[in-house]
Amino acid sequence: KEGATLKKGDLLVEIDPREASLMLAELEAGLEAVRAEKAALMLNREQADQRTKSQFDMARSMLDEVQARSNGAQSDLQLARADFKRIDALYKDKVIAEQRWETERNRLNKAQREDERAQAAVEAARAALATAQSARIELQVLDERLRMMAAQEARLVAQRERQALDISDRAVKSPV
8 KEGATLKKGD LLVEIDPREA SLMLAELEAG LEAVRAEKAA LMLNREQADQ RTKSQFDMAR
68 SMLDEVQARS NGAQSDLQLA RADFKRIDAL YKDKVIAEQR WETERNRLNK AQREDERAQA
128 AVEAARAALA TAQSARIELQ VLDERLRMMA AQEARLVAQR ERQALDISDR AVKSPV
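Our numbering numbers the first residue of the sequence shown as 8 and each following residue consecutively.
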């Protein structure tokens, strides 16, 4: 009122802040939703990391195991080939019986089949390892989503601060 005594900081005029306050509350709610979604994504990422890491480690171990078996099968095959070569030469010279020759030939065939199975197991283990490794790409997708959520959070924080400034500007206070 005219002639009233004022002190520095006393309210002179206030523009209706209701709409601005509602917008601020809306931004706060949006910010909380983004933070909750970001926290859920971080938990999903941690869970995916543990799951895919254990799958990858298991596939790597399986590959190591089947490669060791394959190396053993290859060694057995080489030995069977060398033995059969000697037995075959003796059989052609009629030094050993046909039954012994057939036994060594069967041993060689068995060693060849074992080697083929071992090679197939190695290929299957490599495919499983590649699958487990590709599953780790899920982490990159989650990391990108987390970056998007961080950007959205920063945008909402800036909007909230701007809205809070707008509300504070609606109250004109006495400078003296």
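Where is the CB? At the ideal position from N, CA and C, for every residue including glycine.
If you compare the alpha carbons of Arg177, Glu151, Glu145 and Ser141 with that of Ala55, the shortest gap goes to Glu145. The alpha-carbon of Gln74 is positioned some 30 Å away from that of Glu109.
Cβ neighbours of Gly16 within its own chain (closer than 7 Å, five residues either side excluded): Lys180 and Ser181. Contact between Ala66 and Asp122 is ruled out by a C-beta separation of about 22 Å, above the 8 Å threshold. 8 Å or more divides the Cβ of Glu160 from the Cβ of Arg25. By the C-beta criterion, the region 81 to 99 is judged not to be in contact with the region 148 to 162, since fewer than 3 inter-stretch pairs fall below 8 Å.
Across the structure, Asp176 and Asp64 are spaced so that their CA atoms are roughly 59 Å apart. Excluding its 5 nearest sequence neighbours in each direction, Leu34 has C-beta neighbours in its own chain below 8 Å: Leu163, Gln166, Arg167 and Gln170, listed in chain order.
Take the alpha-carbon of Ala125 and the one of Gly37: they are about 57 Å apart.
In the DSSP assignment, Glu145 falls outside any beta strand (DSSP E) and lies within the alpha helix (DSSP H) extending over Ile144 to Asp176.
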